[in-house]
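These protein sequences, in sequence, are chains G and V. The numbering used here numbers the first residue of the first sequence as 6 and each following residue consecutively. The numbering used here numbers the first residue of the second sequence as 389 and each following residue consecutively. Input: a single structure, listed below in structure tokens.
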Amino acid sequence: MTGHPEARAKRASKGRVEYLLRLGDNALVLAQRSAAWVAHAPVMEEDVALANVALDLFGQAKLWLEYAGKLENGGRDADALAFHRDSGDFRNLLLVERPNGNFADTIVRGYFYDAWANLALHALARSSDEHVAAIAAKSAKETAYHLHRSEDWLIRLGDGTELSHDRAQHAVDELWRFTGEMFLGDDVDAEMTSAGIGFDPASLREAWLERIGIAFANAALAQPADDWMQRGGKQGHHSEALSYLLAEMQVLPRTYTGAQW
Amino acid sequence: MSGSKDWPLWEIFVRSENGLAHKHVGSLHAADAEMAVQHARDLYTRRNEGVSIWVVKSSDIVATDPSQNESFFEPSEDKAYRHATFYHVPEGVKHL
Numbered sequence: 006m007t008g009h010p011e012a013r014a015k016r017a018s019k020g021r022v023e024y025l026l027r028l029g030d031n032a033l034v035l036a037q038r039s040a041a042w043v044a045h046a047p048v049m050e051e052d053v054a055l056a057n058v059a060l061d062l063f064g065q066a067k068l069w070l071e072y073a074g075k076l077e078n079g080g081r082d083a084d085a086l087a088f089h090r091d092s093g094d095f096r097n098l099l100l101v102e103r104p105n106g107n108f109a110d111t112i113v114r115g116y117f118y119d120a121w122a123n124l125a126l127h128a129l130a131r132s133s134d135e136h137v138a139a140i141a142a143k144s145a146k147e148t149a150y151h152l153h154r155s156e157d158w159l160i161r162l163g164d165g166t167e168l169s170h171d172r173a174q175h176a177v178d179e180l181w182r183f184t185g186e187m188f189l190g191d192d193v194d195a196e197m198t199s200a201g202i203g204f205d206p207a208s209l210r211e212a213w214l215e216r217i218g219i220a221f222a223n224a225a226l227a228q229p230a231d232d233w234m235q236r237g238g239k240q241g242h243h244s245e246a247l248s249y250l251l252a253e254m255q256v257l258p259r260t261y262t263g264a265q266w
Numbered sequence: 389m390s391g392s393k394d395w396p397l398w399e400i401f402v403r404s405e406n407g408l409a410h411k412h413v414g415s416l417h418a419a420d421a422e423m424a425v426q427h428a429r430d431l432y433t434r435r436n437e438g439v440s441i442w443v444v445k446s447s448d449i450v451a452t453d454p455s456q457n458e459s460f461f462e463p464s465e466d467k468a469y470r471h472a473t474f475y476h477v478p479e480g481v482k483h484l
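And the structure:
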């Protein structure tokens, strides 16, 4: 890095803001997806369970986005970042914006993410940025339960009836191509890793595959071949699925600016 | 997937803090004990109500028969001497 110290500091903080937006947007988008199950889940008990997961993730998103807004130093708080950015400004993984589909689709999507987030948050809990470490340590406890739950359901569905097994396998096959992005680093990842703030995405892959492999074996599910993987969510290239999600999530604060509860 | 009507009913007991007994808080449907514990966690401890959960299949609970209430419970109604209210508590004794 060269140039004026102030310009250098600005660049460094831009990378960190970008990194925090990715973490926050993952949680925010998956929270919104989970929350959409409320009053639609197969049983009342799952309604509440999915709402609890959503609330945990909204809480995590708030912490990451608040910190991003603070470092950005442009007057945007967590709400401004959540409700007044367009699809192209979102930095979440493509996986979490996939539509809810049926219950198996939701469980498999959640499981792939939870297994990754569990590793990611434990890595971030050792961040040189104390604030990042604190948010990660708090979130890791919540995510450990989400993972326990989604893994349990994955095995129930995979090892359940013929119908539940077929739906779970179909979900695995459809969502697999969105898992590659979780382990694909770019300049921002490299910068955050060398600064001791973040982690190298590729370093999580082995542990993730190991966990998934054991669960698949218990669930009698077949692991798809590593074919072509989708990418680009982290850089702001999203599917139209995210646009619909944001339209629903953002309509109120955008229509009634400054609306309060 | 089968609906909750195929899932057995479970009675949920939550210990609110260490040292206290588990207390019945309600019931829910779940396919098995493990799922019942998870559902209980999500339904009954989401506002920080507990440190421990017990789940018991409702069908495993043996209860008194309401038609026998007379013979079961009424005989104790007029036996006030069974309450420990006839003792003098010496001054200075705490935790009674």
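Built from N, CA and C at the ideal position, the CB exists for glycine as well. In this text the structure is predicted, and so the values were computed from the model without any measurement.
* DSSP on V/Ser440, reduced to helix/strand/coil? -> Within the second sequence, the letter at position 52 stands for residue 440 of chain V. In the structure shown, V/Ser440 sits in a strand (DSSP, three-state: E or B).
* **Presumed contact (8 angstroms Cβ cut-off) between V/Val425 and V/Val402, rounded CB distance** => The count along the second sequence starts at 1 and reaches residue 425 of chain V at position 37. The count along the second sequence starts at 1 and reaches residue 402 of chain V at position 14. That belief does not hold up - the Cβ atoms of V/Val425 and V/Val402 are roughly 11 angstroms apart, past 8 angstroms.
* Selected residue, minimal CA-CA separation from G/Ile140, among G/Gly241, G/Thr262, G/Phe63, G/Asp178 -> One-based indexing of the first sequence puts residue 140 of chain G at position 135. Nearest of G/Gly241, G/Thr262, G/Phe63, G/Asp178 to G/Ile140, Cα basis: G/Phe63.
* Under 8 angstroms by beta carbon: chain G residues contacting V/Ala494 -> The question about residue 494 of chain V has no answer here: the residues shown for chain V are numbered 389 through 484.
* To do: Below 7 angstroms between beta carbons is the criterion; list the residues of the region 424 to 443 of chain V that meet it against any residue of chain G, in chain order.
  => Gln426, His427, Asp430, Leu431, Arg434
* How should G/Trp233 be labelled, buried or exposed, when 16 other C-beta atoms within 10 angstroms of its C-beta is the threshold for buried? -> What you label residue 233 of chain G is simply residue 228 of the first sequence in a count that begins at 1. G/Trp233 is exposed by the Cβ-count criterion.
* Any heavy atom of the ligand NAP within a distance shorter than 7 angstroms of the CB on G/Leu251? -> As far as ligands go, the structure on display features none, and thus does not contain the ligand NAP.
* Between which two residues does the beta strand (DSSP E) harbouring V/Ile400 extend? -> Within the second sequence, residue 400 of chain V is the residue found at index 12, counting from 1. V/Ile400 -> beta strand (DSSP E) spans 397 to 403.
* Check G/Gly218 in the structure and name its three-state DSSP category. => One-based indexing of the first sequence puts residue 218 of chain G at position 213. Three-state result, G/Gly218: helix.
* Asked: Tell me, which residues are paired with V/His417 by DSSP?
  -> Along the second sequence, one-based indexing puts residue 417 of chain V at 29. Beta-bridge pairing links V/His417 to V/Leu397.
* Which residue spans inside the region 65 to 118 of chain G form an unbroken alpha helix (DSSP H) run of at least 4? -> 83 to 88, 99 to 102
* Asked: Is there at least one Cβ from chain V nearer than 8 angstroms to G/Asp157's Cβ?
  -> For the purposes of this step, residue 157 of chain G is identified with residue 152 of the first sequence, where counting begins at 1. It does: the Cβ of G/Asp157 has a partner Cβ on chain V nearer than 8 angstroms.
* **Strand pairing of V/Lys445, partner residues [DSSP]** => Numbered from its first residue, the second sequence carries residue 445 of chain V at position 57. Answer by DSSP bridge pairing, in chain order: V/Trp398.
* Asked: Exposed or buried, what is G/Ala173 when buried is set at 16 or more other beta-carbons lying within 10 Å of its beta-carbon?
  -> The sequence position of residue 173 of chain G within the first sequence is 168, counting from 1. Buried, by the Cβ-count rule.
* Element boundaries [alpha helix (DSSP H), containing G/Ser208] -> As a first step, residue 208 of chain G must be located in the first sequence, where it is residue number 203. From DSSP, G/Ser208 is part of no alpha helix (DSSP H); its letter is neither H nor E.
* Interface flag, V/Glu502 vs chain G, CB-CB below 8 angstroms -> No answer is possible for residue 502 of chain V: it lies beyond the span of chain V, which begins at 389 and ends at 484.
* Spatial neighbours of G/Val58 in its chain, beta-carbon cut-off 6 angstroms, leaving aside the 5 residues before and after -> Taking the first residue of the first sequence as position 1, residue 58 of chain G is located at position 53. The answer, listed in chain order, is Ser39, His151.
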